[in-house]
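Going by the working numbering, the sequence shown opens with residue 58, and the numbers climb by one from there. A quick write-up on the structure given underneath.
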Amino acid sequence: MPLIQPLVTRSSSSLADARTRAIHLYRLWQKNVPQIMIDYHLCMPQSVVRSKIREHFEKNRYVSDPRAIDVLLFKGRIEFDETFNVWKQYSHVLRYFDANEQDPQPTKFFDKFIEGRV
Numbered sequence: 058m059p060l061i062q063p064l065v066t067r068s069s070s071s072l073a074d075a076r077t078r079a080i081h082l083y084r085l086w087q088k089n090v091p092q093i094m095i096d097y098h099l100c101m102p103q104s105v106v107r108s109k110i111r112e113h114f115e116k117n118r119y120v121s122d123p124r125a126i127d128v129l130l131f132k133g134r135i136e137f138d139e140t141f142n143v144w145k146q147y148s149h150v151l152r153y154f155d156a157n158e159q160d161p162q163p164t165k166f167f168d169k170f171i172e173g174r175v
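Written out as structure tokens, the structure is:
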């Protein structure tokens, strides 16, 4: 029985290399949005899905450590593989869209009083 070598993740040699890999991953996500929507039967426009993907990439835009970027790229690639291969359930995909769509909590005293949370 052959010995299985552990998979070593690719590390970026520079910040420019990490940026190139991030753009490649972003384009991979965007290119496969139509297929993901078909696989998961998403009842929303493609623009909503594309903007949510962009939002997740923009959240980490100002990370400047190449090692941290490599970890984020690895996690992003895993998320892509799980989503594209339909290893996720429908509810797992919908969690991305429900995270920020909750009603904002009242911050002023009067708003809290009206809500009955004083």
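Idealized CB from N, CA, C, for every residue including glycine. Treat the numbers as computed from the prediction; the structure is a model and nothing was measured.
Residue environment: Ile135 is assigned as exposed (fewer than 16 neighbouring CB atoms within 10 Å of its CB, all protein chains considered).
Judged by beta-carbon spacing, Phe131 lies beyond the 8 Å limit of Ile93, meaning their Cβ atoms are not closer than that value. Taking Leu72 as reference, the option from Ala125, Leu99, Val143, Ser108 with the minimal CA-CA separation is Ala125. Separation of Phe170 and Asp155 (C-alpha to C-alpha, rounded to the nearest whole angstrom) is 27 Å. For Trp86, the enclosing alpha helix (DSSP H) starts and ends at 72-88. Burial is judged here by how many other beta carbons sit within 10 angstroms of a residue's own beta carbon; Trp144 has fewer than 16 and is exposed. Shown here for His98: same chain residues with a beta carbon closer than 8 Å to its own, the five before and five after excluded, namely Tyr147 in chain order. Per DSSP, the unbroken alpha helix (DSSP H) holding Thr140 starts and ends at 123-141. Of the residues Asp168, Thr66, Lys165, Arg76, the one whose Cα lies closest to the Cα of Tyr119 is Arg76. The three-state reading of DSSP puts His98 in coil, since its state is none of H, G, I, E or B.
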